[in-house]
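Here the structure comes first, spelled out in structure tokens, and everything after it is commentary.
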Amino acid sequence: MFTRGLKRKCVGHEEDMEGALAGLKTVSSYSLQRQSLLDMSLVKLQLCHMLVEPNLCRSVLIANTVRQIQEEMTQDGTWRSVTPQEAGRAPLDRLVSTEILCRSAWEQEGARPAPGLGDGHVQGPVSDLCPVTSAQAPRHPQSGIWELDSPREDRGGFHKSLDQIFETLETKNPGCMEELFSDVDSPYYDLDTVLTGMVGGARPGPCEGLEGLAPATPGPSSSCKSDLGELDHVVEILVET
Amino acid sequence: MEVESDSHIHMCWQVLSARTKKWPLADIISTVEFNYSGDLLATGDKGGRVVIFQREQENKSRPHSRGEYNVYSTFQSHEPEFDYLKSLEIEEKINKIRWLPQQNAAHFLLSTNDKTIKLWKISERDKRAEGYNLKDEDGRLRDPFRITALRVPILKPMDLMVEASPRRIFANAHTYHINSISVNSDHETYLSADDLRINLWHLEITDRSFNIVDIKPANMEELTEVITAAEFHPHQCNVFVYSSSKGTIRLCDMRSSALCDRHSKFFEEPEDPSSRSFFSEIISSISDVKFSHSGRYMMSRDYLSVKVWDLNMESRPLETHQVHEYLRSKLCSLYENDCIFDKFECCWNGSDSAIMTGSYNNFFRMFDRDTRRDVTLEASRESSKPRASLKPRKVCTGGKRKKDEISVDSLDFNKKILHTAWHPADSVIAVAATNNLYIFQGKIN
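Line by line, the protein sequences give chains G and C.
If you read the first sequence in our numbering, its first letter stands for residue 318, the second for the next number, and so on.
If you read the second sequence in our numbering, its first letter stands for residue 5, the second for the next number, and so on.
As structure tokens, then:
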């Protein structure tokens with residue numbers, strides 16, 4: 318992580334209290350710091366408290382920061398130039414399950430469940446004059462995944478992965494998880510390789526430790542996930558009747 | 005404004021925690037609120053407990069206890085729950101307490117955790133009935149066949165007992181975490197706000213609420229902004245404001261439409277392009293919004309400053325007060341240790357001439373709007389000896405550190421003052437420093 322006193326600077330920003338990087342006002346220094354900030358932000362998004370619902374405000378702010386960095390990197394064209402040697406500094410254990418944890422985090426925010434039950438078994442919110450909120454809760458069981466196929470290749474592998482993260486966060490059907498991992502798309506795995514410092518495109522870190530979910534093998538794996546999928550399905554049926 | 009601590013009381017929470025079986029973390033104070041008269045001060049903590057302090061009447065026979073606050077009532081407001089659908093715990097931490105205006109001998113307050121709001125009635129009992137016909141003094145039922153005569157029960161005085169009982173429970177209306185509750189000036193309704201929605205309740209009705217603001221996007225992937233605070237106007241019962249994580253405040257009029265997704269007024273300060281960084285949005289996120297007592301102004305707290313707004317001017321704030329500008333160069337570290345997400349509250353004094361908010365290292369800041377002066381004070385055991393005046397503190401931002409100054413790098417970011425409250429009429433303030441509560445009284449020299 319950051320050494321003491323290391324601060325992120327805007328290009329051209331003059332102030333430096335510690336003096337650690339006083340002489341290094343070069344662009345590459347800025348890129349390094351920006352990359353570090355990006356790594357840190359992704360880890361923050363992933364490390365969610367699994368017992369209690371994570372703070373949605375915090376998650377949104379971090380996600381917005383990640384988007385900002387990604388946009389700037391895309392504009393700079395610097396994204397393409399990132400190589401594993403240059404950017405891979407995060408140890409493997411720092412990068413815990415990406416999509417799974419982020420998905421859980423955002424799911425717990427209520428994005429996932431079906432309408433009626435989706436707003437937390439709501440019996441409260443009612444407005445005679447405007448549509449009941451709970452019934453409005455849109456459901457995108459599959460669209461998130463199908464959007465993965467939309468043409469985004471030009472925006473860099475990172476952008477695609479970020480979108481994957483966000484889309485998966487919204488995904489209600491855990492079956493999509495397997496499809497996500499089955500989407501053996503090189504840009505995604507390049508990002509993973511880059512961030513985990515693993516050269517050679519070995520299996521991505523995210524899946525490590527997640528029982529039963531093998532990254533390379535699509536299809537239902539973890540019994541836990543398929544149970545959730547069935548529950549989802551049952552809930553959908555119940556609510557729609 | 006000089007603040008003395010002549011009659012300040014230092015409440016040590018460690019003593020109270022011994023009475024419960026909760027973890028040490030349960031003692032962290034999460035909300036502080038004076039009632040309308042200022043005679044009662046309620047605190048909520050991470051363990052779901054509410055402790056109410058009452059101001060002692062000034063008494064000639066006890067001159068030293070001029071207006072001290074002592075414990076009046078303690079009760080468990082919320083318990084931890086488990087959401088089986090999401091397999092998650094619901095914290096019992098009290099996020100907010102709001103008093104209702106007093107209408108009879110009893111006191112009423114609303115307390116809320118992340119999901120459920122409760123209306124509590126706090127009442128005193130100083131008499132009890134004796135001489136029941138059907139039961140003994142110890143409560144055992146008497147054999148009806150043995151009752152040969154009837155008597156009228158007599159009311160006898162007893163030691164004062166303060167009872168708290170839940171009168172209403174407003175549940176199952178919030179998918180996301182409740183961050184604010186606000187009692188309306190009509191004294192019949194109140195609002196509750198979570199990250200994405202605001203609901204309107206009637207105090208008598210618990211099984212129904214009206215959704216008045218909904219900013220949840222159709223597609224959660226598009227979520228970029230959440231609601232951070234909301235409050236009713238102190239006098240106009242149809243007006244409320246809510247703030248967002250993007251540094252905006254929207255004022256809504258409930259008369260215009262049932263769903264107040266379209267604001268009547270939109271308050272946002274244009275960004276200064278020269279100070280833009282990746283952290284600009286995070287530090288612009290508003291953590292608290294409060295109307296002035298007059299209803300003419302409102303105040304917003306973001307990470308580094310407090311802004312006072314004139315409700316008639318949406319383009320920029322009337323005043324901006326820097327709380328701890330020296331942290332601007334430390335934003336990256338503060339992002340790393342998550343301090344940048346700390347939510348500081350702010351409050352007005354009774355006459356709206358001064359505002360107060362907390363900072364780190366147990367510092368809190370007061371700004372006098374009339375004289376443009378500000379002061380930094382510290383709420384800690386070392387600096388709060390009985391009958392001693394609080395010394396103004398100063399943070400050294402660079403160069404030579406003067407005596408008694410603290411350098412930025414020595415600040416303790418674990419000692420944060422997030423919750424402060426100001427007596428509605430007097431120069432009395434309550435400051436919560438982690439699990440300690442300090443009450444200070446101000447005197448003019």
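C-beta: ideal position from N, C-alpha, C; glycine also.
Between the beta-carbon of residue i and the beta-carbon of residue j, is there less than 7 angstroms?
{"i": "residue 297 of chain C", "j": "residue 36 of chain C", "result": "no"}
{"i": "residue 293 of chain C", "j": "residue 309 of chain C", "result": "no"}
{"i": "residue 96 of chain C", "j": "residue 82 of chain C", "result": "yes"}
{"i": "residue 178 of chain C", "j": "residue 119 of chain C", "result": "yes"}
{"i": "residue 382 of chain G", "j": "residue 348 of chain G", "result": "no"}
{"i": "residue 115 of chain C", "j": "residue 98 of chain C", "result": "yes"}
{"i": "residue 289 of chain C", "j": "residue 235 of chain C", "result": "no"}
{"i": "residue 196 of chain C", "j": "residue 241 of chain C", "result": "no"}
{"i": "residue 121 of chain C", "j": "residue 111 of chain C", "result": "no"}
{"i": "residue 158 of chain C", "j": "residue 134 of chain C", "result": "yes"}
{"i": "residue 382 of chain C", "j": "residue 371 of chain C", "result": "no"}
{"i": "residue 420 of chain C", "j": "residue 339 of chain C", "result": "no"}
{"i": "residue 2 of chain C", "j": "residue 57 of chain C", "result": "No answer is possible for residue 2 of chain C: the residues shown for chain C start at 5 and end at 449."}
{"i": "residue 168 of chain C", "j": "residue 103 of chain C", "result": "no"}
{"i": "residue 345 of chain G", "j": "residue 379 of chain G", "result": "no"}
{"i": "residue 182 of chain C", "j": "residue 198 of chain C", "result": "yes"}
{"i": "residue 264 of chain C", "j": "residue 312 of chain C", "result": "no"}
{"i": "residue 47 of chain C", "j": "residue 33 of chain C", "result": "yes"}
{"i": "residue 139 of chain C", "j": "residue 129 of chain C", "result": "no"}
{"i": "residue 38 of chain C", "j": "residue 425 of chain C", "result": "yes"}
{"i": "residue 180 of chain C", "j": "residue 373 of chain G", "result": "yes"}
DSSP three-state label for residue i, please.
{"i": "residue 388 of chain G", "result": "helix"}
{"i": "residue 445 of chain C", "result": "strand"}
{"i": "residue 120 of chain C", "result": "coil"}
{"i": "residue 148 of chain C", "result": "helix"}
{"i": "residue 258 of chain C", "result": "coil"}
{"i": "residue 193 of chain C", "result": "strand"}
{"i": "residue 97 of chain C", "result": "coil"}
{"i": "residue 79 of chain C", "result": "strand"}
{"i": "residue 356 of chain C", "result": "coil"}
{"i": "residue 332 of chain C", "result": "helix"}
{"i": "residue 395 of chain C", "result": "coil"}
{"i": "residue 375 of chain G", "result": "helix"}
{"i": "residue 72 of chain C", "result": "coil"}
{"i": "residue 305 of chain C", "result": "strand"}
{"i": "residue 357 of chain G", "result": "helix"}
{"i": "residue 337 of chain C", "result": "helix"}
{"i": "residue 413 of chain C", "result": "helix"}
{"i": "residue 345 of chain C", "result": "helix"}
{"i": "residue 434 of chain C", "result": "strand"}
{"i": "residue 203 of chain C", "result": "strand"}
{"i": "residue 92 of chain C", "result": "strand"}
If the cut is a Cβ gap below 8 angstroms, which residues of chain C does residue i touch?
{"i": "residue 304 of chain G", "result": "In the structure as shown, chain G starts at 318 and stops at 558, and residue 304 of chain G therefore has no counterpart that could be examined."}
{"i": "residue 388 of chain G", "result": "Going along chain C, no residue has its Cβ under 8 angstroms from residue 388 of chain G, so there is no contact; the nearest lies around 11 angstroms."}
Find the residues of chain C that neighbour residue i, judging by a C-beta separation of less than 9 angstroms, and give them in chain order.
{"i": "residue 382 of chain G", "result": "282, 283, 285, 286, 339"}
Can you pull the chain G neighbours of residue i, defined as C-beta to C-beta under 8 angstroms?
{"i": "residue 230 of chain C", "result": "373, 374, 377"}
{"i": "residue 289 of chain C", "result": "374, 378"}
Just mark residue i as buried or exposed, buried being the case when its beta carbon has 16 or more other beta carbons within 10 Å.
{"i": "residue 362 of chain C", "result": "buried"}
{"i": "residue 408 of chain G", "result": "Here residue 408 of chain G scores only 37 on pLDDT, less than 50, and its place in the model should not be relied on; the value that follows carries that caveat. Classification for residue 408 of chain G: exposed."}
{"i": "residue 402 of chain C", "result": "exposed"}
{"i": "residue 373 of chain C", "result": "buried"}
{"i": "residue 439 of chain C", "result": "buried"}
{"i": "residue 321 of chain C", "result": "buried"}
{"i": "residue 278 of chain C", "result": "exposed"}
{"i": "residue 427 of chain C", "result": "buried"}
{"i": "residue 249 of chain C", "result": "buried"}
{"i": "residue 151 of chain C", "result": "exposed"}
{"i": "residue 432 of chain C", "result": "buried"}
{"i": "residue 131 of chain C", "result": "exposed"}
{"i": "residue 144 of chain C", "result": "exposed"}
Please compile the residues from chain C whose C-beta is within a distance smaller than 7 angstroms of the C-beta of residue i.
{"i": "residue 385 of chain G", "result": "282"}
I want to verify the contact list: residues of chain G whose CB lies under 9 angstroms from the CB of residue i, in sequence order.
{"i": "residue 82 of chain C", "result": "Per Cβ cutoff of 9 angstroms: no residues; residue 82 of chain C is ~14 angstroms from chain G at best."}
Below 7 angstroms on C-beta distance, what does residue i contact in chain A?
{"i": "residue 227 of chain C", "result": "The structure shown contains no chain A; the protein chains it does contain are G and C."}
Using a Cβ cut-off of 7 angstroms, pull out every chain G residue sitting near residue i, in sequence order please.
{"i": "residue 249 of chain C", "result": "374, 377, 378"}
{"i": "residue 199 of chain C", "result": "373, 374"}
Taking 6 angstroms as the cut-off, is the C-beta of residue i nearer than that to any heavy atom in the ligand FMN?
{"i": "residue 266 of chain C", "result": "Within the structure as shown, the ligand FMN is missing, as the structure has no ligands at all."}
*Looking at chain G, which residues of the stretch 337 to 370 of chain C have a Cβ within less than 7 angstroms of any of its Cβ atoms?*
Of all residues in the stretch 337 to 370 of chain C, those with a C-beta nearer than 7 angstroms to a C-beta of chain G are 337, 340, 345, reading in chain order.
*asked:* By the 9 angstroms beta-carbon criterion, what residues does the stretch 110 to 124 of chain C contribute toward chain G?
replied: Those residues of the stretch 110 to 124 of chain C that come within reach of chain G (Cβ to Cβ, closer than 9 angstroms) are 118, 119.
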